[in-house]
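I have placed the structure first, in the form of structure tokens, so that the comments after it can refer back to it.
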Amino acid sequence: IQVPLAVQEARLLAAHRAADPEAQDHYLRGQQLMYRRDSPGVLGSIEEFRRAIQADPSYTAAYAGLSQAYSVSVAYDYARPESSYVWAARALAVASRAIALDSMNAEAIGERGWLGLFFGAPEERRVEQDLRRAIELKPSEAQPHLWYAEFLASEGRAQEAYAAAERAVELDPVAPAVRMVQVLTAF
């Protein structure tokens with residue numbers, strides 16, 4: 185059976201390469217820890233993502249995961265004793281590194297958009313562009329829809345925000361963060 189691919193799908197498949205098994209193992213451990221969203225889990229995920237990058241410095245998913253872990257640490261106030269701005273700067277630097285390695289890394293692009301939303305972007309349009317681009321690259325991933333809902337809510341675009349949050353719930357109905365944003369956009 186041969187299935188025709190869209191140009192973008194073909195590019196994504198061509199750009200994909202197998203990760204180093206050790207790096208992938210650390211990455212998956214990091215994702216599992218971060219999903220808990222408690223302080224030991226999120227801080228432990230940072231170490232796992234760092235180990236993944238050490239094992240394979242070109243593994244962009246690990247950079248995106250590390251960026252998100254730094255961001256979650258800031259959002260949940262786990263970044264002590266350092267300043268949240270130091271950790272936010274680290275998150276942006278790591279996301280930027282992932283994008284430099286792979287300009288189609290949806291997670292890193294979405295992360296950069298989220299960071300711009302909460303820590304100030306040079307221009308508001310960049311935030312929306314990043315979040316929409318992340319959704320375009322990975323429409324079946326809940327996280328960029330969630331961040332886009334937060335952006336839309338911050339812009340006073342309540343109906344669009346709720347619709348984006350609903351889409352995130354459809355994609356990942358058991359994620360606590362997704363449910364929380366859905367409730368927040370309902371008001």
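Residues 185 to 371 in our numbering are what the sequence shown spells out, letter by letter.
Even for Gly, the Cβ is constructed at its ideal location relative to N, Cα and C.
Because the structure is a prediction, the values reported are computed rather than measured.
Following the continuous alpha helix (DSSP H) through residue i, name the residue where it begins and the one where it ends.
i	result
residue 247	244-259
residue 272	268-285
residue 149	No statement about residue 149 is possible, as the shown extent of the chain runs from 185 to 371 and does not include it.
residue 297	290-303
In whole angstroms, give me the CA-to-CA distance for residue i and residue j.
i	j	result
residue 299	residue 263	15 Å
residue 207	residue 242	10 Å
residue 365	residue 203	32 Å
residue 252	residue 226	10 Å
residue 219	residue 186	37 Å
residue 233	residue 224	14 Å
residue 209	residue 238	12 Å
residue 231	residue 249	11 Å
residue 273	residue 287	20 Å
Starting from the C-beta of residue i, find all residues in its chain whose C-beta is less than 8 Å away, skip the five residues before and the five after it, and write them out in chain order.
i	result
residue 329	319, 348, 349, 351, 352 and 355
In chain order, what residues of the same chain have a beta carbon less than 7 Å from the beta carbon of residue i, not counting five sequence neighbours either side?
i	result
residue 317	293
Looking only at its chain, what residues have a beta carbon closer than 6 Å to the beta carbon of residue i, apart from the 5 residues adjacent to it on each side?
i	result
residue 256	226
residue 326	352, 355, 356 and 362
residue 301	311 and 335
residue 214	229, 232, 233 and 249
residue 278	247, 250 and 251
Length at least 3, wholly inside the segment 306-355: the beta strand (DSSP E) runs in chain order:
none
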